[in-house]
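First up is the structure itself, then whatever we jot down about it.
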Amino acid sequence: LLSDLRESGSIEQDADIVIMLSRMIQEDNTETTAGNIVECIIAKRQDKYGIIGNGGNLLTELKYEKISYQKGTDGIPSLFFVLKDKWGVVDSLGTERIPCLYDKIESRGKYTNNDSTFIFIIEKDKLKGMCDFNHVTLIEVKYDGILLFYNSYGFLFKNGKWGIFNRDLQIVSECVYDN
719 LLSDLRESGS IEQDADIVIM LSRMIQEDNT ETTAGNIVEC IIAKRQDKYG IIGNGGNLLT
779 ELKYEKISYQ KGTDGIPSLF FVLKDKWGVV DSLGTERIPC LYDKIESRGK YTNNDSTFIF
839 IIEKDKLKGM CDFNHVTLIE VKYDGILLFY NSYGFLFKNG KWGIFNRDLQ IVSECVYDN
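Under the numbering used here, the first residue of the sequence shown is numbered 719, with each subsequent residue one higher.
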């Protein structure tokens, strides 16, 4: 609870944002299958953000200008950070998963037939593409738009034409269709 911070100095009053994440524990004190979600504390000093781990150790430098917390469509959280006006993704262990290179990033959850692929729509210079949580390019950043439909195909838009990709993120048709 935020009120638990009252005796820790002026964190509660001075913070622009406080985000607390924790592991799910069952009644028998064992972790649930969601045990891969780790506690972390978002720290801010002199208008710079970073992540502090459970033991109070600094997991990232306090260097990020903004932070945003976003749940993917499957409910898995991601921490989005801004550095030099570019967005990136850092996991709760402080590992930079997607470097701060993009004008915009949207979490899209697990879209592919491969359940371990967690995808993001990335935007740079008004063009969009897709990458996974390890910053592996899935669809090149060159499209004006990307639409995802979770039970079927996805659609790409470029220069006023539509194309199609499948659930394995393979392009079935480049952008050649009017409709």
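We put the beta carbon where it would ideally sit given N, CA and C, even for glycine.
Cβ-based burial, residue 807 [other Cβ within 10 Å; buried from 16]: By 1-based counting over the sequence shown, the position of residue 807 is 89. The residue in question, residue 807, is buried, as its Cβ has 16 or more Cβ neighbours within 10 Å.
Let me know if residue 822 comes out buried or exposed under the rule of 16 or more other beta-carbons within 10 Å of its beta-carbon. If you number the sequence shown from 1, residue 822 lands on position 104. Per the 10 Å Cβ criterion, exposed.
Whole angstroms is fine: what's the gap from residue 892's alpha carbon to residue 825's? Counting from 1 along the sequence shown, the entry for residue 892 is found at position 174. Counting from 1 along the sequence shown, the entry for residue 825 is found at position 107. Near 24 Å, if we compare the C-alpha coordinates of residue 825 and residue 892.
Helix, strand or coil for residue 870 per DSSP? The residue labelled residue 870 in the question sits at position 152 within the sequence shown. Residue 870 falls in the coil class under three-state DSSP.
In angstroms, rounded to a whole number, what distance separates the CA positions of residue 816 and residue 896? Locating residue 816 in the sequence shown gives position 98, where the first residue counts as 1. Locating residue 896 in the sequence shown gives position 178, where the first residue counts as 1. Spanning the two alpha carbons is a distance of roughly 33 Å.
Are residue 777 and residue 811 closer than 8 Å when you measure CB to CB? Within the sequence shown, numbered from 1, the residue matching residue 777 stands at position 59. Within the sequence shown, numbered from 1, the residue matching residue 811 stands at position 93. Yes, the Cβ-Cβ distance between residue 777 and residue 811 is below 8 Å.
Buried or exposed for residue 838, going by 16 or more other Cβ atoms inside 10 Å? Position 120 of the sequence shown, counted from the start, is the residue given in the question as residue 838. Residue 838 should be labelled buried.
Report the residue from 766, 761, 884 and 879 whose alpha carbon sits nearest the alpha carbon of residue 866. What you label residue 866 is simply residue 148 of the sequence shown in a count that begins at 1. For the residues 766, 761, 884 and 879, the minimum Cα distance to residue 866 belongs to 884.
Work out the CA separation of residue 780 and residue 803 for me, nearest whole Å. Position 85 of the sequence shown holds residue 803. Position 62 of the sequence shown holds residue 780. Approximately 15 Å between the Cα atoms of the pair.
Near residue 782, what residues of its chain come up, given a Cβ to Cβ distance below 7 Å and the 5 sequence neighbours on each side ignored? For the purposes of this step, residue 782 is identified with residue 64 of the sequence shown, where counting begins at 1. Only 766, 767, 768, 799, 800 and 801 meet the Cβ criterion.
Measure the CB-CB distance between residue 861 and residue 887 and report whether it falls below 8 Å. On the sequence shown, position 143 is the one that residue 861 refers to. On the sequence shown, position 169 is the one that residue 887 refers to. Result no, Cβ atoms of residue 861 and residue 887 do not sit closer than 8 Å.
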